[in-house]
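S.K.: Per numbering that gives the first Met the number 0, the very first residue in the sequence shown carries number 0; after that it's consecutive.
This structure is in structure tokens; I'll ask about it shortly.
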Amino acid sequence: MSNAVNTVTVKKKSEFAKQPLEDRILLTIGYIILGLFIVAIILPVVYIILASFIDPITLQNSGLTFDFSKWTTTAYERVLGNAQIWVGFKNALIYSILFTGLSVAITLLAAYPMSRSDFKGRGFLNTIYVITMFFGGGLIPTYLLISNLGMLDTIWAILLPGAFSVWNMIIARTYYMGIPRDLQEAAEIDGATEMIYFFQILLPVCTPIIATIAMWQFVGMWNSYFDAMVYLNSASKQPLQLVLRSILIQNQPEPGMVSDMQSTAARAQLAELLKYATIIISSLPLMIMYPFFQKYFDSGIMAGAIKG
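Okay, here's the thing in structure tokens:
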């Protein structure tokens with residue numbers, strides 16, 4: 000077994016050694032830069048995870064410590080015990096799931112005719128779509144439109160405005176164009192209609208791009224707070240990110256989280272500790288989802304980018 004490992008190691012080293020000197024220098028520099036990027040990403044995450052468990056006084060005075068007697072779960076107990084956090088979490092989950100389903104459906108349906116060479120007006124519509132990527136109506140006109148449609152303080156103000164993404168439509172369209180035409184011709188010979196071909200034959204083949212777009216949209220909605228801040232007034236409809244914003248940016252924890260703290264300094268220290276705990280809790284759903292969608296990313300993104 001050890002001989003096999005040594006053989007593989009020697010082979011890898013020999014392959015690197017066979018490269019010209021300029022290539023080896025370039026590869027070494029690339030590896031170093033990549034390693035620095037990885038460290039820059041991992042270190043803040045590790046710091047936040049550790050800081051969320053350390054006593055706020057110890058964290059403020061001494062920084063990180065591995066003395067477990069100084070560790071505490073107070074922040075998580077207070078965050079998970081707050082009702083508004085759970086309301087925001089539920090709203091964010093509902094908004095993200097509904098938005099993802101609606102956005103993926105609209106994107107796939109819009110991309111299909113744009114991928115057909117026999118679709119009349121495709122060039123004109125494509126120009127209109129691209130223009131919207133560079134020019135928008137602005138915040139005030141959009142707010143007035145949402146208000147005139149009667150969607151203020153409703154879920155539709157969150158779901159509808161950003162449901163259609165031109166960029167995602169272009170990616171899906173390019174993916175469609177990369178599917179062999181023979182597939183549709185065979186379906187037509189078997190008597191399949193356009194609807195049967197799209198829903199029963201084409202969509203199952205497009206699983207990688209569907210999963211990729213779904214993940215993009217879910218993450219985008221989960222991390223979004225601006226639209227909810229502008230269009231939603233009721234606290235019962237606010238997503239998790241608005242609750243976190245009040246804790247992380249405005250330094251205003253929800254009532255009940257620090258109400259039993261008598262000292263102003265103690266309240267400030269606990270509020271600081273709550274920031275780290277809320278960051279971890281809000282990131283958990285995305286961390287859980289990524290491993291299941293990761294296998295679709297390479298095939299979905301690359302196929303939608305280079306085919307056609």
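Just so you know, even glycine gets a beta-carbon here, dropped at the ideal spot from N, CA and C.
For clarity, every value in this text was computed on a predicted model and none was experimentally measured.
Which residues in the same chain as Leu138 place their Cβ atom closer than 8 angstroms to its Cβ, once the five residues preceding and following it in sequence are excluded?
M.R.: One-based indexing of the sequence shown puts residue 138 at position 139. Cβ within range, chain order: Val229.
S.K.: Taking C-beta to C-beta, are Ala74 and Ala276 nearer than 8 angstroms?
M.R.: Mapped onto the sequence shown, residue 74 falls at position 75. Mapped onto the sequence shown, residue 276 falls at position 277. Taking 8 angstroms as the Cβ cut-off, Ala74 and Ala276 qualify as a contacting pair.
S.K.: What does DSSP give as the partner residues of Trp70 in its beta bridges?
M.R.: Residue mapping note: residue 70 aligns to position 71 of the sequence shown, counting from 1. The partner list for Trp70 (beta bridge, DSSP) reads Ile53.
S.K.: Using alpha carbons as the reference points, say which of Tyr46, Pro203 and Gly29 lies closest to Thr64.
M.R.: Translated into the one-based positions of the sequence shown, residue 64 becomes position 65. Ranking Tyr46, Pro203 and Gly29 by Cα distance to Thr64 puts Tyr46 first.
S.K.: How is Gln237 classed by DSSP in three states: helix, strand or coil?
M.R.: Stepping through the sequence shown from its first residue, residue 237 is reached at position 238. Reduced to three states, the DSSP call for Gln237 is coil.
S.K.: If you count every other CB in all the chains shown that lies within 10 Å of the CB of Lys306, and 16 or more means buried, which is it?
M.R.: Numbered from 1 along the sequence shown, position 307 holds the residue referred to as residue 306. Because the pLDDT at Lys306 is just 47, under 50, the model does not fix this residue reliably, and the point stays unresolved.
S.K.: Less than 6 angstroms between C-beta atoms, sequence neighbours within five positions excluded: which residues of the same chain meet that for Ser114?
M.R.: Against the sequence shown, residue 114 aligns to sequence position 115. Cβ neighbours of Ser114 beyond the five flanking positions: Arg172, Tyr175 and Met176.
S.K.: State the DSSP-derived secondary structure class of Gly307, mapped to helix, strand or coil.
M.R.: In the sequence shown, counting from the first residue as 1, residue 307 sits at position 308. With a pLDDT of 42 at Gly307, under the threshold of 50, the modelled position of that residue is not reliable, and the figure given next carries that caveat. Coil at Gly307, not helix or strand.
S.K.: Under 8 angstroms between the Cβ atoms of Pro160 and Thr131?
M.R.: Within the sequence shown, numbered from 1, the residue matching residue 160 stands at position 161. Within the sequence shown, numbered from 1, the residue matching residue 131 stands at position 132. Cβ distance not < 8 angstroms, so Pro160 and Thr131 don't count as in contact.
S.K.: What is the DSSP secondary structure of Tyr30, counted as helix, strand or coil?
M.R.: By one-based count along the sequence shown, residue 30 stands at place 31. It is helical.
S.K.: Span of the alpha helix (DSSP H) holding Phe88?
M.R.: In the sequence shown, the residue the question calls residue 88 occupies position 89. Here the alpha helix (DSSP H) through Phe88 covers Ala82 to Ser114.
S.K.: Secondary structure at Ser1, three-state DSSP: helix, strand or coil?
M.R.: The residue given as residue 1 occupies position 2 in the sequence shown. Here Ser1 scores only 49 on pLDDT, less than 50, and its place in the model should not be relied on; the value that follows carries that caveat. Here Ser1 sits in helix by DSSP.
S.K.: Please return the same chain residues whose Cβ sits closer than 8 angstroms to the Cβ of Ala162, not counting the five positions on each side in sequence.
M.R.: Counting from 1 along the sequence shown, the entry for residue 162 is found at position 163. Same-chain partners within the cutoff: Phe98, Leu101, Ser102 and Ile105.
S.K.: Since Val218 contacts Ile84 with CB under 8 angstroms, what's their CB separation in whole angstroms?
M.R.: Translated into the one-based positions of the sequence shown, residue 218 becomes position 219. Translated into the one-based positions of the sequence shown, residue 84 becomes position 85. The Cβ separation is near 20 angstroms, so there is no contact.
S.K.: Any idea what DSSP makes of Asn60, helix, strand or coil?
M.R.: Here residue 60 refers to the residue found at position 61 when the sequence shown is read from its first residue. Reduced to three states, the DSSP call for Asn60 is helix.
S.K.: Straight-line CA distance for Val86 to Asp54?
M.R.: Here residue 86 is taken as the residue at index 87 of the sequence shown, counted from 1. Here residue 54 is taken as the residue at index 55 of the sequence shown, counted from 1. Each residue's alpha carbon lies about 27 angstroms from the other.
S.K.: Residues in the same chain with beta-carbon distance under 7 angstroms from Ser233, minus the five sequence neighbours each way, listed in chain order, please.
M.R.: On the sequence shown, position 234 is the one that residue 233 refers to. Asp152, listed in sequence order.
S.K.: Quick check: what's the CA-CA separation for Phe291 versus Pro19?
M.R.: As a first step, residue 291 must be located in the sequence shown, where it is residue number 292. As a first step, residue 19 must be located in the sequence shown, where it is residue number 20. Using only the alpha carbons, I get a separation of about 39 angstroms.
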